[in-house]
Amino acid sequence: MAEVPTIFFITAATFHLLRWTEHESPLQLLASAAFVLGGTLTRYEAWWFVPAGAVTIAAITLYKHRSFRRAEGVALAWLLV
């Protein structure tokens, strides 16, 4: 029964992703990716957060910086963790 840890990991990943959108701290982005990793290792239902998070990160970076190359790099860095 791993529902509670999965909820924790996804909630923590969402929190750190939200903090990253406010401050653009690489540490917040790394924490978000680490919590998503924990969630995907806990239950397979957390796998939906991987593509959703990457698209969200790319869209936010593209909106803020108007640079496709930077958006792609940030999203790929998040995905590599």
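The sequence shown begins at 0 in the working numbering and counts up by one.
Backbone N, C-alpha and C fix where the C-beta goes; we use that ideal spot for every residue, glycine too.
(request) Taking residue 3 as part of the alpha helix (DSSP H), name the residues at either end of that continuous run. (result) Position 4 of the sequence shown, counted from the start, is the residue given in the question as residue 3. 2-22 is the extent of the alpha helix (DSSP H) around residue 3.
(request) Let me know if residue 58 comes out buried or exposed under the rule of 16 or more other beta-carbons within 10 Å of its beta-carbon. (result) On the sequence shown, residue 58 is found 59 positions in, with the first residue counted as 1. Counting Cβ neighbours within 10 Å, residue 58 comes out exposed, since fewer than 16 surround it.
(message) Is the beta carbon of residue 73 closer than 8 Å to that of residue 60?
(response) The sequence position of residue 60 within the sequence shown is 61, counting from 1. The sequence position of residue 73 within the sequence shown is 74, counting from 1. Taking 8 Å as the Cβ cut-off, residue 60 and residue 73 qualify as a contacting pair.
(request) Give the DSSP-derived three-state secondary structure of residue 65 in the structure shown. (result) As a working mapping, residue 65 is identified with position 66 in the sequence shown. Of the three classes helix, strand and coil, the one that applies to residue 65 here is coil, per DSSP.
(request) Going by CA-CA distance only, name the one from 24, 47, 41, 62 that's closest to residue 3. (result) The sequence position of residue 3 within the sequence shown is 4, counting from 1. Selected option, being the one with the closest Cα: 41.
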